[in-house]
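Structure, as structure tokens:
Residue numbers (my numbering): -2 to 318.
If you want it as structure tokens, here you go:
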């Protein structure tokens, strides 16, 4: 989960160098472009990158423009038919519909209309719908009412209003448990404001685990933090007490299943694509930072040593003296 429309807005990081050094061979662009801008992502990024790219197409025809500009603040920008058509014409890249359902993205009078339009686009294209829920306009149970098995709730570990926990932040909402059990995918997508250690601890203590672990990588969060890369995000979960096996599953087999690539990607089974990431588990004292600038001192850190893509060495860590 990243935003990689390089040089088109203030978010897109360079893909290949960062992905290779992070052990990432398949990247999902989570709605950087809409029906009007998707051709640019295909031409300038997908066709010029080595990383395997899959894309969610934004309900807004404009896609993401600027971190301070709500791309659906005017619902006239919503283009469900164009979104579905773009996906249908680009099945090799486009795999779903994206909606950011936040207070600074959609008008506060919108109600459920953005959800209805996004659902319409996803149904027309017969693809999953991904909904960004940080600081959402409506409570999560209402959002979940528009989702089907295979759809995705992203930024599920944010601490703001209308999250996966009740108002007292003590227990996971029943509707969340029911949706996850029914097959709705919960994606953590760390990002610039969606991952705080106190809230994540509460969710983990309540027994909740996201189905997928992702970065929501942008240029600011890659260069200034607190995300930096996928191994850093994985290391945060590791130092919060999640087992390495559970973490690896959530960055390999689970995402592959979400992408419809189960058995082909994210596995070492015979016949699968020969994409391999080799990490060392470093021991020591490491400082991790969340999106509220809280610090976590950890004793373990994952460091990329080797990345193979399609059976060829794509990255090898510099040798230490």
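Backbone N, C-alpha and C fix where the C-beta goes; we use that ideal spot for every residue, glycine too.
I need the straight-line Cα distance from residue i to residue j, nearest angstrom please.
i           : j           : result
residue 240 : residue 195 : 19 Å
residue 277 : residue 79  : 45 Å
residue 135 : residue 118 : 20 Å
residue 37  : residue -2  : 19 Å
residue 268 : residue 261 : 7 Å
residue 101 : residue 67  : 6 Å
residue 318 : residue 34  : Residue confidence for residue 318 is low, a pLDDT of 47 falling below 50, so the modelled location carries little weight; the figure read from the coordinates is stated next. Their backbone Cα atoms lie some 47 Å apart in a straight line.
residue 137 : residue 95  : 16 Å
residue 129 : residue 282 : 34 Å
residue 155 : residue 57  : 23 Å
residue 205 : residue 169 : 7 Å
residue 235 : residue 279 : 12 Å
residue 254 : residue 264 : 11 Å
residue 19  : residue 153 : 23 Å
residue 75  : residue 270 : 37 Å
residue 207 : residue 184 : 6 Å
From this set, the options, which residue's C-alpha is nearest residue i's C-alpha?
i           : options           : result
residue 63  : 76, 30, 38, 50    : 30
residue 288 : 200, 275, 186     : 186
residue 157 : 167, 83, 132      : 132
residue 220 : 266, 248, 189     : 189
residue 99  : 179, 234, 110     : 110
residue 25  : 57, 301, 212, 274 : 212
residue 347 : 247, 82, 46, 203  : In the structure as shown, the chain starts at -2 and stops at 318, and residue 347 therefore has no counterpart that could be examined.
residue 123 : 251, 147, 73      : 147
residue 284 : 222, 271, 82      : 222
residue 89  : 249, 21, 53       : 53
residue 2   : 22, 19, 43        : 43
residue 32  : 10, 93, 252       : 93
residue 273 : 14, 12, 23, 11    : 23
Report the CB separation of residue i from residue j in whole angstroms; it is logged as a contact under 8 Å.
i           : j           : result
residue 201 : residue 237 : 6 Å
residue 8   : residue 50  : About 16 Å separates the two Cβ atoms, so there is no contact after all.
residue 193 : residue 210 : 16 Å between Cβ atoms; not a contact.
residue 150 : residue 181 : 6 Å
residue 13  : residue 65  : Actually they are not in contact, since the Cβ atoms of residue 13 and residue 65 sit about 28 Å apart, beyond 8 Å.
residue 307 : residue 15  : Not quite, the Cβ-Cβ distance comes to about 18 Å (not below 8 Å), so this is no contact.
Evaluate residue i with the Cβ neighbour count: other Cβ atoms within 10 Å of its Cβ, from every protein chain shown; 16 or more gives buried, anything less gives exposed.
i           : result
residue 292 : exposed
residue 40  : exposed
residue 177 : buried
residue 171 : exposed
residue 71  : exposed
residue 45  : exposed
residue 258 : buried
residue 175 : exposed
Runs of alpha helix (DSSP H) lying entirely within the segment 33 to 77, each at least 4 residues, in chain order:
35 to 41
List, from N- to C-terminal side, the alpha helix (DSSP H) runs of 4 residues or more that fit wholly inside the segment 208 to 236.
216 to 220, 227 to 236
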